[in-house]
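Chains as they are written, first to last, in our numbering: chain A, 1 to 118; chain B, 119 to 236. Beta carbons are placed, not taken as given, at the ideal position from N, Cα and C, and that holds for glycine. Down below is the structure, laid out as C-alpha cells.
Number of protein chains: 2
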Amino acid sequence: MTYLARTKPDERVRARDLAKATDVPPAFLSKIMRALSTSGLLDAQKGHNGGFMLSRPASEIRFIDVLRAVDFQPETDHCLFGLGNCNAQNPCPLHFEWAVLKEQIEHWARSHSLADSD
Amino acid sequence: MTYLARTKPDERVRARDLAKATDVPPAFLSKIMRALSTSGLLDAQKGHNGGFMLSRPASEIRFIDVLRAVDFQPETDHCLFGLGNCNAQNPCPLHFEWAVLKEQIEHWARSHSLADSD
DNA sequence: ATTTCAATGGATTTGCAAATCCATTGACAT
DNA sequence: ATGTCAATGGATTTGCAAATCCATTGAAAT
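See the structure below:
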C-alpha cells in the first residue's frame with residue numbers, strides 16, 4: 001500500500017510488478033491484493049493496462065484501515081498471555097501494561113495515513 | 119515467569135503444574151523452561167520435590183532478559199517490511215515510525231522487571 | 001470478432017514453528 | 001541400595017499459515 005501511495009495517482013500497478021518490487025511471492029501477494037480490493041481500499045482492473053490502484057487518495061487511507069482489511073484486529077481485546085478470561089476486573093499480570101502499549105500502536109495506526117509514508 | 123514471580127521465594131513449581139495453570143501444553147512448556155534454565159534465569163531441580171524457581175529475585179529479572187532467553191531479539195534491526203537493506207540512510211516508508219515504536223517496546227522491557235507484574 | 005492480458009478464487013502443496021513422544025539423567029526419600 | 005520422581009534433550013509428528021497452481025472471468029487492444 002505504501003508502494004502504491006508513492007506511485008502517480010491513477011497509475012495502475014500490476015500484482016506481478018509489485019511482487020517483484022516488494023519481494024513478496026506473486027501468488028501470495030495476489031491473495032493480499034484481493035483482500036484489500038474486496039474491502040474497498042484498492043481498485044482492481046482486469047486485462048490490458050489493468051492492475052491495482054488506491055481507490056481513494058492516500059491521505060484518506062489510514063494504516064488501521066489496511067490492518068483491518070488484512071484481518072489483523074488490534075482492537076480485539078486479546079490477552080498477551082492468551083488467557084480467555086483476562087479483563088480489567090480479572091487482569092493477567094501484564095494486562096494494564098499491555099493495554100497501554102496496544103493503545104499506542106492502535107493510536108498510531110488510527111492517526112497515520114498512507115500519505116504519511118512518503 | 120510472572121507466575122513464578124508470584125509464588126513464594128524458594129518454592130519450586132513443577133513444569134506439569136505450571137503447564138496446567140497457564141494452559142500451555144506440558145511438552146512445549148518444558149522446552150521453554152529449558153531455554154530459560156539454560157540462560158540462567160531459572161534454577162531447575164530434578165527428582166523428589168524438584169521443579170523450577172527463579173534463580174534470582176524477581177526484581178532482578180527484567181522482561182528483556184526473558185525475551186532474549188527465548189530467542190526473541192527486539193534489538194535486532196529487522197525491517198517491518200522485511201527489506202534487507204533498510205536503514206537510516208536507505209529507509210523503508212515506515213522505518214522511522216517503526217523505530218520509535220520498537221524503542222518504546224524495548225524500553226519498557228528494559229525498565230520493567232518481573233516484580234512489576236505482581 | 002478475436003486475441004491478449006491481468007485479476008479472481010478455489011484447490012492444493014509446502015515449510016516451519018508448535019507440539020509431542022520417550023528414553024535418559026540426576027536427585028531425593030525410604 | 002533401591003524406587004520414585006522430575007528435568008533433560010533429541011527425534012518425531014502435527015497443524016496451520018504461507019505459498020503455489022491453474023482454470024476461469026472480465027476488460028481492453030487490434
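- The DSSP-derived three-state label of B:Gln163 is strand.
- Check the Cα spacing between A:Gly82 and each of A:His95, A:Val70, A:His112, A:Asp71: the tightest is with A:His95.
- Take B:His230, set aside five residues on each side of it, and the residues of its chain with a beta-carbon closer than 7 Å to its own are Arg180, Phe181, in chain order.
- Excluding five sequence positions before and after B:Ala187, the CB atoms of its chain that fall closer than 7 Å to its own CB belong to Ala153, Leu154, Ser157, Leu159, given in chain order.
- Taking CB atoms only, B:Ser157 has no neighbour in chain A less than 7 Å away.
- Contacts with chain B at 7 Å (Cβ-Cβ) include A:Ser117.
- Counting along the chain, A:Leu54 sits inside the beta strand (DSSP E) bounded by residues 51 to 54.
- Between A:Leu114 and A:Ala27, the gap from beta carbon to beta carbon reaches 7 Å or more.
- Within the model, the alpha-carbon separation for A:Asn87 versus A:Leu101 is close to 15 Å.
- With contacts defined as CB atoms closer than 7 Å, B:Leu122 and B:Leu172 qualify as a contacting pair.
- Look at B:Ser231 here: in three-state DSSP terms it is strand.
- Between B:Gly168 and B:Val131, the CB-CB gap reaches or exceeds 7 Å.
- Of all residues in the region 194 to 222 of chain B, those with a C-beta nearer than 9 Å to a C-beta of chain A are Phe199, Gly200, Leu201, Gly202, Cys210, Pro211, Leu212, Glu215, Val218, Leu219, Gln222, reading in chain order.
- Contact annotation: A:Ala44 and A:Leu29 have beta-carbon atoms that are not nearer than 7 Å.
- Under the DSSP definition of a beta bridge, B:Arg180 partners with B:Ser231.
- Neighbours of A:Thr7 across chain B, judged by C-beta separation under 9 Å, do not exist; the nearest C-beta is about 12 Å away.
- Where A:Lys20 is concerned, the enclosing alpha helix (DSSP H) starts and stops at 15 to 22.
- For B:Pro127, there is no enclosing alpha helix (DSSP H), as DSSP gives it neither H nor E.
- Annotation for A:Glu97: no residue places its beta carbon closer than 6 Å to its own, counting only its chain and skipping 5 residues before and after.
- Boundaries for A:Met1: no alpha helix (DSSP H) harbours it, and the DSSP string shows neither H nor E there.
- Pairing B:Lys126 with B:Arg228, the inter-Cα distance amounts to about 24 Å.
- Within the same chain, Cβ atoms closer than 7 Å to the Cβ of A:Asp10 are found at Met53, the five residues on either side in sequence being excluded.
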